[in-house]
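Engineer: Numbering (our numbering), first residue to last: 24 to 499.
#1: Measuring alpha carbon to alpha carbon, tell me which of 461, 411, 125, 355 ends up nearest residue 276.
#2: So residue 322 and residue 381 are supposed to be a Cβ contact under 8 Å. How far apart are they, rounded?
#3: Should residue 207 and residue 152 be called a contact, given that it needs their Cβ atoms to be closer than 7 Å?
#4: Determine the direct distance from the alpha carbon of residue 351 to that of residue 480, and round the result to whole angstroms.
#5: Out of curiosity, what's the CA-to-CA distance linking residue 444 and residue 320?
#6: Residues in its own chain within less than 8 Å of residue 458 by CB, not counting five upstream and five downstream?
#7: May I have the straight-line CA-CA distance separating residue 24 from residue 201, to the nearest angstrom?
#8: Leaving out five residues before and five after residue 251 in sequence, what residues of the same chain have Cβ atoms less than 7 Å from its Cβ?
#9: Residue 214: buried (16+ other C-beta within 10 angstroms of its C-beta) or exposed?
#10: Where does the unbroken alpha helix (DSSP H) through residue 261 begin, and where does it stop?
#11: What is the residue span of the alpha helix (DSSP H) that residue 100 lies within?
#12: Quick check on residue 399: buried or exposed, where buried means 16 or more other Cβ atoms within 10 Å of its Cβ?
#13: Whose C-alpha, out of 230, 196, 348, 43, is nearest the C-alpha of residue 171?
#14: Can you grab the Cα-Cα spacing for the pair residue 349 / residue 256, in whole Å?
#15: Please list, in chain order, all residues of the same chain as residue 168 whose beta carbon is under 6 Å from its beta carbon, the five residues on each side excluded.
#16: Determine the DSSP secondary structure at residue 9, reduced to helix, strand or coil.
#17: Return yes when the Cβ of residue 375 is within less than 7 Å of the Cβ of residue 422, no when it is not.
#18: Would residue 73 and residue 147 be called neighbours here (beta carbons separated by less than 7 Å)?
#19: Among 367, 178, 308, 216, which has the Cα closest to the Cα of residue 199?
#20: Where does residue 342 sit, in a helix, a strand or coil, going by DSSP?
#21: Helix or strand or just coil, what does DSSP make of residue 452?
#22: Once you ignore the five residues that flank residue 363 on each side, which residues in its own chain have a CB closer than 8 Å to its CB?
#23: Could you check what DSSP says for residue 373 in three-state terms: helix, strand or coil?
#24: Taking the alpha carbon of residue 314 as the reference point, which residue from 419, 369, 470, 107 has its own alpha carbon closest?
#25: Compare the C-alpha of residue 254 against each of 100, 412, 117, 239 and name the closest.
#26: Using 8 Å as the threshold, is the region 97-116 in touch with the region 228-242, meaning 3 or more CB pairs across them?
#27: Determine contact between the region 90-100 and the region 116-129, defined as no fewer than three beta-carbon pairs at a distance below 8 Å.
#28: For residue 442, which option in 484, 396, 83, 80 has the closest C-alpha, if you only look at C-alpha atoms?
#29: Pick out whichever of 142, 191, 258 has its Cα sitting closest to the Cα of residue 130.
#30: When you compare only the Cα positions, how much space is there between residue 486 and residue 311?
#31: What's the gap between the Cα of residue 505 and the Cα of residue 188?
#32: Pick helix, strand or coil for residue 486, following the three-state DSSP scheme.
#33: Determine whether the beta carbon atoms of residue 273 and residue 55 lie at a separation below 7 Å.
#34: In three-state DSSP terms, what is residue 24?
#35: Assuming residue 105 and residue 225 make a contact with CB atoms under 8 Å, what is their CB distance in whole Å?
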């Protein structure tokens, strides 16, 4: 199977699973937000924020390191599994203790702390699933990861429906996530046994130091990303309360759902880019160039379209109780466009063993976000938090672009501007169409505007001969 077709197969599996999963997540978020109201939904968002940030310490980037190293040398599989599983047991205990301490220092009410503790259990279980999932990813067997993603979403959606039907509390909702994480771990373990020989126990304490030394930049990068994504919700909870967190999180959760596109492509491409670094630098450059092009084709119209339709989106999905979320969504959606544009370069730098640079950028970006939140939240509440996130995204994206160009993997300025001019033209026409037909049904309008945009992208020649060749290979 050719490289393009293998990437196509894996990306297709991941995209389909991510689309299905995020459709389910969309309904979970919508039903939970409407059922709980802004205050209780804010409590749930606080729990996800705390565990999202501190849960990184249960992995420290070791799963990402496994993908890179095992994709280069499959014989190291047992050594990584044995040692990382043991390290994770220790890290999980420390992580749970750290979360208990932080929750009590902040002084959250008992209901908030209980939800945090329950969600922590699901995060820890999920970190062990990530180790086995990394093996499938390194071997480019994405179908099992895809099925586990769908299964998890189905379980949580069913739990949400049961909760609403029987008028159950947020505690039940938290336990549903634990059950889902446990079942996914069982499924991944079962599939691992089916596809790979049982790992030999190869505990090597001397391997721990170089393992942690190599993995911690990935962990710090992930931690910085989580701080960037979630610290504003925690700071809002301390300064403004759970209800404001609920308004802000309604917009933020919608924004995060859209990340399924680069996330799915990243998982499929990362092992291949890691191999190209040692086998074909030209292929690596071409892959990065095409990845960036496709991301801005998607990101630019997404930012413009959501900005125009933010009021209809929020009121249709969450109802009038979340009308304060409209302006937050209009600001936050532009961080998605920047994330799309920067995703190829982040993946590239990690693939060429420059994860330390990504770590540095992530730390600076997270620190910038925290400082901006400290200044803007007391003055402008959740709107200030939205601008803090956007400004930080602009800084990190520009920084990543500059570093990549200095590393010799930059894309020619003329190529970028040529593609961007065509994308902006198609986006302008699409925007006029949306404004003219804004009174149409939201979902019908989105479908029609999307079709119009991609027709225009083809007409103006944004898809070149190489793209057509790649698409033909993908089709086969």
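Glycine residues also receive a C-beta, built at the ideal position from the N, C-alpha and C atoms.
Owing to the predicted nature of the structure, the values given are computational and were not obtained by experimental measurement.
Structural biologist: The structure says:
#1: Checking every option, the nearest Cα to that of residue 276 belongs to 355.
#2: Not really, about 20 Å apart at Cβ, beyond 8 Å.
#3: Closer than 7 Å, so yes.
#4: Residue 351 has its alpha-carbon roughly 29 Å from the corresponding atom of residue 480.
#5: Roughly 11 Å separates the two Cα atoms.
#6: Around residue 458: 331.
#7: A caution first: residue 24 carries a pLDDT of 49, below 50, which makes its placement in the model unreliable, though a value can still be read off. Between the alpha carbons of residue 24 and residue 201 lies a distance of about 38 Å.
#8: Same-chain partners within the cutoff: 388, 389, 392, 415.
#9: By the neighbour-count rule (16 or more Cβ atoms within 10 Å), residue 214 is buried.
#10: Start and end: 228-262.
#11: Boundaries of the alpha helix (DSSP H) around residue 100: 100-129.
#12: Label assigned to residue 399: buried.
#13: The residue among 230, 196, 348, 43 with its C-alpha nearest the C-alpha of residue 171 is 43.
#14: Distance from the CA of residue 349 to the CA of residue 256, rounded to the nearest whole angstrom, comes to 17 Å.
#15: Excluding positions up to five away in sequence, the list reads 156, 159.
#16: Nothing can be reported for residue 9, as the shown portion of the chain is limited to 24 through 499.
#17: The answer is no: Cβ separation not under 7 Å.
#18: Note that the C-beta distance between residue 73 and residue 147 is not below 7 Å.
#19: Here the closest residue by C-alpha is 178.
#20: Three-state result, residue 342: coil.
#21: Looking at residue 452 - three-state DSSP - the assignment turns out to be helix.
#22: Around residue 363: 284, 285, 318, 319, 321, 322, 325.
#23: In the three-state scheme derived from DSSP, where H, G and I count as helix and E and B as strand, residue 373 is classed as helix.
#24: Nearest C-alpha to residue 314 among 419, 369, 470, 107: 369.
#25: Among 100, 412, 117, 239, the Cα nearest to that of residue 254 is on 412.
#26: Enough Cβ pairs lie closer than 8 Å, so yes.
#27: Result no; under three Cβ-Cβ pairs closer than 8 Å.
#28: When each option's Cα is compared against that of residue 442, the closest is 484.
#29: Selected option, being the one with the closest Cα: 258.
#30: For the pair residue 486 and residue 311, the Cα-to-Cα distance works out to about 16 Å.
#31: Residue 505 is absent from the model: the chain starts at 24 and stops at 499.
#32: Coil.
#33: Not in contact: residue 273 and residue 55 (Cβ atoms no closer than 7 Å).
#34: Confidence in residue 24 is poor, its pLDDT being 49 and thus under 50, which makes the residue's placement unreliable; the coordinate value appears in the next sentence. Of the three classes helix, strand and coil, the one that applies to residue 24 here is coil, per DSSP.
#35: Indeed they touch by this definition, with Cβ atoms about 5 Å apart.
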